[in-house]
Amino acid sequence: MTRVLCIGSAVVDFTFTFDEMPDRAEKYVAKTAAVVGGGIAANAAVAIARLGGDVLLSAQLGDDSVGDTILADLRKEGVDVSHVTRTAGARSSYSSVYIDGKGERQIANFRGEGLQLDVGTFASIGELDAVLVDTRIPEAALAGLELARSRKIPGVLDGEAPIDPRLVEIASHVAFSRQGLEATMPGQHPDEALLTLTNRCGNWVCMTDGANGTRYGGPDGILHFPAFKVDAVDTLGAGDVWHGAFALALGEGMTEDDAVRFASAVAALKCTRTGGRSGTPERNLVSQFLKENHQ
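The opening residue of the sequence shown carries number 1 in our numbering; numbering runs sequentially from there.
Printed below as a string of structure tokens:
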């Protein structure tokens, strides 16, 4: 079984759905509401578990009820949380998420207070096939990518702004959001920025752009993999799921081209389901979807 270490954020999302996105300073009544697990690295870890991978999560939590909720949900999903650090007296992170009738979202996040993460345990982790990090805890992300490099396995950076430049340089694979790429290479066209970074750092670089698909450098310039066409009802967590699936695919030995296609299918299926993490598909559904969609 392919084993992946995910490092970064784990939160609780309080989600509210509306026909139209709230945009004024007044009271709104939500159509539905739910409390769901969230966080970039945590969502990616759940995706990996549902897709058949063996996944460990390293994250920082407080010893509060929010932290209890986060851990309980991760354990239920089969994520190994033995490398999660809980700090006495600290407050865990949580988010308020608004989702409109088109599946688009607004997120307000509380980053937490007094949180710490022990990266000294990374060296004791046994066999790994890939490492995935987000940008929430830069020093932990750097330690994770250094671990991946030392073991000669894929070290994937989820490039969401703000980004420590050291992470871009050391990762074997960088998957930027459009916002993350624009923040890293301001004023440049995305294609120009991708080629510049590829030549500068010598790693594999892409930009995920939701319904616009994924752009990445190839031997003959920029390649574009279009997003699968689906009826999206909820995009929350789609990017996190993409990164988890991509890291798993690389750990399984897929080429980057195949990994992009696989991750894009997983993210597309997630968008057809409500709930961020809860909408993540299982492997059999992804395999069937790919058989029916040959792009």
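For each residue, glycine too, the CB sits at the ideal point set by N, CA and C.
Being a predicted model, the structure only gives us computed values, none of them experimental.
- By the Cβ test, the region 33-50 is not in contact with the region 167-186, since fewer than three Cβ pairs between them sit closer than 8 Å.
- C-alpha of Leu74 to C-alpha of Leu142: approximately 24 Å in a straight line.
- Classified as exposed, Gln288 has fewer than 16 neighbouring CB atoms from the shown chains inside 10 Å of its CB.
- Scanning its chain for C-beta atoms nearer than 7 Å, with the 5 sequence neighbours on each side dropped, one finds around Tyr98 the residues Phe16, Phe18, Met21, Pro22, Arg105 and Gln106, in chain order.
- Annotated three-state conformation of Phe262 is helix, per DSSP.
- Nearest to Val286 by C-alpha distance, out of Val233, Gly8 and Ile48, is Ile48.
- Fully enclosed beta strand (DSSP E) runs of no fewer than 3 residues occupy 204-208, 214-218 and 221-225 of the region 194-260, in order along the chain.
- Counting along the chain, Gly275 sits inside no alpha helix (DSSP H), nor does DSSP assign it H or E at all.
- Between Ser177 and Asn203, the C-beta spacing is not below 7 Å.
- In the three-state scheme derived from DSSP, where H, G and I count as helix and E and B as strand, Ser96 is classed as strand.
- By the Cβ neighbour-count rule, Tyr94 is buried, with 16 or more other Cβ atoms within 10 Å of its own.
- For Ala90, there is no enclosing alpha helix (DSSP H), as DSSP marks it with neither H nor E.
- If the five residues before and after Ala183 are omitted, its C-beta is found closer than 6 Å to the C-beta atoms of Ala161, all from its own chain and listed in chain order.
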